[in-house]
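Student: Counting in this note's numbering, the sequence shown runs from 4 upward without gaps.
Questions regarding the structure given below will be posed in turn.
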Amino acid sequence: MVQELDLEQLDERDLNARLQTLVGSGEQVVLRNTHARHNIAVNVHGALDIVVQGSAGFYCCGFMNGPSVLVTGNVGWYAADNMLGGKLIVQNNAGSNLAPSMIGGTVLVRGSAGSRVGYGLKGGTVVVCGDVGMLTGQQMLGGRIVLLGKVGTNTGESMYGGVICYRRGATIGTGSNVRVRAPEPNDCEALEWLFAENNIQADPRDFVCLVPRGGKQTFHIFKPQFETRERVVEHL
4 MVQELDLEQL
14 DERDLNARLQ
24 TLVGSGEQVV
34 LRNTHARHNI
44 AVNVHGALDI
54 VVQGSAGFYC
64 CGFMNGPSVL
74 VTGNVGWYAA
84 DNMLGGKLIV
94 QNNAGSNLAP
104 SMIGGTVLVR
114 GSAGSRVGYG
124 LKGGTVVVCG
134 DVGMLTGQQM
144 LGGRIVLLGK
154 VGTNTGESMY
164 GGVICYRRGA
174 TIGTGSNVRV
184 RAPEPNDCEA
194 LEWLFAENNI
204 QADPRDFVCL
214 VPRGGKQTFH
224 IFKPQFETRE
234 RVVEHL
């Protein structure tokens, strides 16, 4: 079944609350009259198929975990901010700061993206089929960024972990603490699966990898463990 939601009748808070109630329903949710609305599908957790008819504004799919979101137009800045899981596909272009601090899942942009793609990326996969601006992968900690078009300057600046894959022979300006290496078997396997899964016409053998030089910095990703405690209120 397909359920349509008219964003002219819902604000962002009501929209995302409604999406959360539809998780696990098996329905496809189509969002109409989006008009580049900000905060679409923020903090929605669970299995849900969402189609955004048109463009989305800032923070699309931020903190999302589980849904599959297709945006038929463009997305603004900070799409997939801190995304935990799921998939975001953008048919056109993305603004700057795509997938900042993303932890898991997949982001695929069929067009181009602005600067600072994958800033502070911790995990997951970001693919841009078009061109990207400067500082891609800045302060990246993990995950994988795949670039099929032109690459901007200072790529991988202050990169601690993860890998950036780009086409062999592409003009690229790299950061100060990275090195280029040939793709390893696991890189080729990951790219082959990724291209086949998303109908991308590319050969993994045409790519090289950008990784940290290492030896200068170490880092640890802190994963806090939370406990639920009963709150005791004393009445005076």
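Glycine residues also receive a C-beta, built at the ideal position from the N, C-alpha and C atoms.
Predicted model, so just to flag it, every value in this text is computed and none were measured.
Between Gly-79 and Pro-186, what straight-line distance do the alpha-carbon atoms span, to the nearest angstrom?
Tutor: Taking the first residue of the sequence shown as 1, we reach residue 79 at position 76. Taking the first residue of the sequence shown as 1, we reach residue 186 at position 183. Between Gly-79 and Pro-186, the C-alpha separation is close to 32 Å.
Student: Just grab the DSSP bridge partners of Gly-88 for me.
Tutor: Residue numbering aside, residue 88 sits at position 85 when the sequence shown is read from its first letter. Asn-68.
Student: Once DSSP output is grouped into helix, strand and coil, what is the label at Asp-17?
Tutor: As a working mapping, residue 17 is identified with position 14 in the sequence shown. Asp-17: helix per DSSP, three-state reduction.
Student: Leu-150 by DSSP, collapsed to three states: which one?
Tutor: Along the sequence shown, read from residue 1 onward, the residue named residue 150 stands at position 147. It is a strand residue.
Student: Could you name the residues of the same chain whose beta carbon sits closer than 7 Å to that of Thr-109, not counting the 5 residues immediately before and after it, in chain order?
Tutor: In the sequence shown, counting from the first residue as 1, residue 109 sits at position 106. Hits under 7 Å: Lys-90, Gly-127, Thr-128.
Student: Check for me: the alpha helix (DSSP H) holding Asp-2 runs from which residue to which?
Tutor: Outside the displayed span of the chain (4 to 239) sits residue 2, for which this structure offers no information.
Student: Quick one: what's Thr-158 bridged to in DSSP?
Tutor: Here residue 158 refers to the residue found at position 155 of the sequence shown. In the DSSP output, where bridge partners are listed per residue, Thr-158 has Thr-177.
Student: With distance defined between alpha-carbon atoms, name the residue in Leu-25, Gly-29, Val-26, His-38 nearest to Gln-318.
Tutor: Because residue 318 is not part of the residues shown, which for the chain are 4 to 239, the question remains open.
Student: Using 10 angstroms around the beta-carbon of Ala-20, count the other beta-carbons present and answer buried if the total reaches 16, otherwise exposed.
Tutor: Reading the sequence shown from its first residue, position 17 is the one you call residue 20. So Ala-20 counts as exposed.
Student: For Gln-6 versus Val-32, is the C-beta spacing smaller than 8 Å?
Tutor: Counting from one through the sequence shown, the residue named residue 6 turns up at place 3. Counting from one through the sequence shown, the residue named residue 32 turns up at place 29. Yes. Within cutoff.
Student: Distance check for Asn-42 and Leu-239, CA to CA, integer angstroms please.
Tutor: The count along the sequence shown starts at 1 and reaches residue 239 at position 236. The count along the sequence shown starts at 1 and reaches residue 42 at position 39. Because the pLDDT at Leu-239 is just 49, under 50, the model does not fix this residue reliably, and the value given afterwards should be weighed accordingly. C-alpha separation (whole angstroms): 43 Å.
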